[in-house]
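Only one structure is covered here, and it is reproduced in the block below.
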């Protein structure tokens, strides 16, 4: 719960949203992100730290570089929601289908 | 982005195949969960139009209409393919599509297996699908998580 609220807050910053959108299109290193944006490398690092803390971005080591990408866990929140939603909806559907029709 | 496992559900109902299909579609108002309505005023009616390309929407008490999606394939009484176009910000987005496939298999004259698959969920990770609109909307993720919390508190259903 808290994690998803945190995700929402993390994307409230325009630069962070921009970084997130770039990573959604293509995983990237800090250096590559900074090259194409009007912010310094340390600033990009700082934003990535917030995004990572919110569970939106994951990092992996590729050779000497650290590659950032969009974390699937945000998607998992939605998936879990729909999983429970359909349980509830189908239970109600079953009751309606088995009801004697007037 | 990598793919996300679809949500798959199965339920057996004591009803003929034709009736199961009819209750799921024309009778959607009888079972659609009220509390997940996306409009501002309370939900009055849920409607699924019985034809290919048919609208899937709800009508609020104040008369306003909220789209959920549309009918992609209409194959009574065996199969139904729907487009679910609600983003993670709990808003309808005509450019956002996830598929819900529902099949009805007759197990006997009065027994039907209903299988549901909600797929393309990786699209919730696309910027068009979720995060952009989540940021733009007032409720955003916080709202959907509240709703998720309400559902998660319910006891698990059998079937």
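Residue numbers (this note's numbering), protein chains in the order written: chain A, 23 to 124; chain B, 2 to 160.
Quick reminder that beta carbons are idealized off the backbone N, C-alpha and C, glycines included.
For residue i, the first and last residue of its enclosing beta strand (DSSP E)
i                      : result
residue 83 of chain A  : 79 to 84
residue 92 of chain A  : 87 to 92
residue 47 of chain B  : 44 to 49
residue 115 of chain B : 112 to 120
Extent of the continuous alpha helix (DSSP H) run through residue i
i                     : result
residue 68 of chain A : 63 to 75
residue 54 of chain A : 52 to 57
residue 14 of chain B : Looking at the DSSP string, residue 14 of chain B is not in any alpha helix (DSSP H); the run it does join, the beta strand (DSSP E), is 8 to 14.
residue 43 of chain A : 36 to 47
residue 24 of chain B : 18 to 26
Exposure label - residue i; buried when at least 16 CB within 10 Å
i                      : result
residue 109 of chain A : buried
residue 77 of chain A  : buried
residue 126 of chain B : buried
residue 108 of chain B : exposed
residue 36 of chain A  : exposed
residue 11 of chain B  : exposed
residue 70 of chain B  : buried
residue 83 of chain A  : exposed
residue 92 of chain B  : buried
residue 96 of chain B  : exposed
residue 86 of chain A  : exposed
residue 74 of chain B  : exposed
residue 116 of chain A : buried
residue 106 of chain A : buried
residue 47 of chain A  : exposed
residue 58 of chain A  : exposed
residue 122 of chain A : exposed
residue 153 of chain B : Reliability fails at residue 153 of chain B, whose pLDDT of 45 lies under 50, so the model's placement of it is uncertain and no value is given.
residue 142 of chain B : Residue placement at residue 142 of chain B is poorly supported in this model, since its pLDDT is 45, which falls under 50; the coordinates still yield a value, given next. With 16 or more other Cβ atoms within 10 Å, it is buried.
Integer Cβ distance of residue i from residue j, believed to fall under 8 angstroms
i                      : j                      : result
residue 101 of chain B : residue 122 of chain B : So it is not a contact: roughly 11 angstroms between Cβ atoms.
residue 28 of chain B  : residue 113 of chain A : At roughly 15 angstroms, the Cβ-Cβ gap does not stay under 8 angstroms, so residue 28 of chain B and residue 113 of chain A are not in contact.
residue 13 of chain B  : residue 112 of chain B : 7 angstroms
residue 120 of chain B : residue 99 of chain B  : 7 angstroms
residue 79 of chain A  : residue 97 of chain A  : Contact flag wrong, Cβ pair sits at about 13 angstroms.
residue 51 of chain B  : residue 59 of chain B  : Not really, about 16 angstroms apart at Cβ, beyond 8 angstroms.
residue 50 of chain A  : residue 44 of chain A  : 6 angstroms
residue 72 of chain A  : residue 38 of chain A  : 6 angstroms
residue 81 of chain B  : residue 26 of chain B  : 7 angstroms
residue 89 of chain A  : residue 69 of chain A  : 16 angstroms between Cβ atoms; not a contact.
request  = Mind listing, in chain order, the continuous beta strand (DSSP E) runs of no fewer than 3 residues lying wholly within the segment 57 to 109 of chain B?
outcome  = The beta strand (DSSP E) runs lying completely inside the segment 57 to 109 of chain B and spanning 3 residues or more are 66 to 76, 80 to 85, 99 to 109, given in chain order.
Exercise. Are the segment 2 to 11 of chain B and the segment 27 to 35 of chain B touching, with three or more C-beta to C-beta distances below 8 angstroms?
Worked result: The answer is no - the segment 27 to 35 of chain B does not touch the segment 2 to 11 of chain B, with fewer than three Cβ pairs under 8 angstroms.
> Is the segment 80 to 90 of chain B touching the segment 46 to 66 of chain A in the sense that three or more CB pairs, one from each, lie closer than 8 angstroms?
Replying inline: No: fewer than three Cβ pairs fall under 8 angstroms.
- prompt: Would you call the segment 17 to 24 of chain B and the segment 59 to 66 of chain B touching, i.e. three or more CB-CB distances under 8 angstroms?
  reply: These segments do not touch.
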